[in-house]
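Using the working numbering, the first residue of the sequence shown is number 20, and each one after it goes up by one.
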Amino acid sequence: MSSADQSAAITLESVPALNRMFRFQWEKAQDCYVLLYPEGMVKLNGPAGEVLALVDGQRTAADIIQTLQAKFPDAEGIDRDILDFLGDAREQLWISL
20 MSSADQSAAI TLESVPALNR MFRFQWEKAQ DCYVLLYPEG MVKLNGPAGE VLALVDGQRT
80 AADIIQTLQA KFPDAEGIDR DILDFLGDAR EQLWISL
């Protein structure tokens with residue numbers, strides 16, 4: 020499945036959940052959120068960490084977008100960025116729907 024197909028599969032009604040192979044946490048030594056897995060660690064940038072912090076298997080993509088729009092009111096057009104990131108995270112197998 021191509022990246023465009025993966026991204027298209029993410030809708031506002033999608034409910035992303037963290038893949039059980041990963042543990043999401045704040046890493047003080049790295050000063051950022053990370054995804055830990057048996058073979059290593061993925062260091063997340065600020066926006067990626069903000070999105071994944073809301074991925075709990077219960078919130079919809081729309082809920083995540085609404086929460087981040089409220090938290091960052093000056094960030095215009097983040098809805099598409101969030102959906103694109105969720106598509107990328109799914110492609111990386113960090114999340115499932």
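Quick reminder that beta carbons are idealized off the backbone N, C-alpha and C, glycines included.
Rounded straight-line distance, which links the Cα of residue 48 to that of residue 115: For this step, residue 115 is matched to residue 96 along the sequence shown. For this step, residue 48 is matched to residue 29 along the sequence shown. When rounded, the distance between both Cα atoms is 28 Å.
Helix, strand or coil for residue 59, going by three-state DSSP, please let me know. Residue mapping note: residue 59 aligns to position 40 of the sequence shown, counting from 1. Residue 59: strand per DSSP, three-state reduction.
Assuming residue 80 contacts residue 54 under a Cβ cut-off of 8 Å, what Cβ separation, rounded to an integer in Å, is found between them? Locating residue 80 in the sequence shown gives position 61, counting from the first residue. Locating residue 54 in the sequence shown gives position 35, counting from the first residue. Actually they do not touch by this definition, with Cβ atoms about 19 Å apart.
N- and C-terminal bounds of the alpha helix (DSSP H) containing residue 119: Look at the range of the chain in this structure, 20 to 116, and you will see that residue 119 is not part of it.
In the structure shown, what three-state DSSP assignment does residue 53 receive? As a working note, residue 53 is residue 34 in the sequence shown. Three-state DSSP puts residue 53 in a strand.
Would residue 113 pass as a contact of residue 38 if the rule is Cβ separation under 8 Å? Looking up residue 113 in the sequence shown gives position 94. Looking up residue 38 in the sequence shown gives position 19. In this structure, residue 38 lies closer than 8 Å to residue 113 by Cβ.
If you draw a straight line from the C-alpha of residue 56 to the C-alpha of residue 111, how long is it? For the purposes of this step, residue 56 is taken as the residue at position 37 of the sequence shown. For the purposes of this step, residue 111 is taken as the residue at position 92 of the sequence shown. Going from the Cα of residue 56 to the Cα of residue 111 covers about 13 Å.
For residue 69, the first and last residue of its enclosing alpha helix (DSSP H): Walking along the sequence shown from the start, residue 69 turns up at place 50. 65-71 is the extent of the alpha helix (DSSP H) around residue 69.
Minimum C-alpha distance to residue 70 - residue among 40, 30, 97 and 28: If you number the sequence shown from 1, residue 70 lands on position 51. Nearest of 40, 30, 97 and 28 to residue 70, Cα basis: 97.
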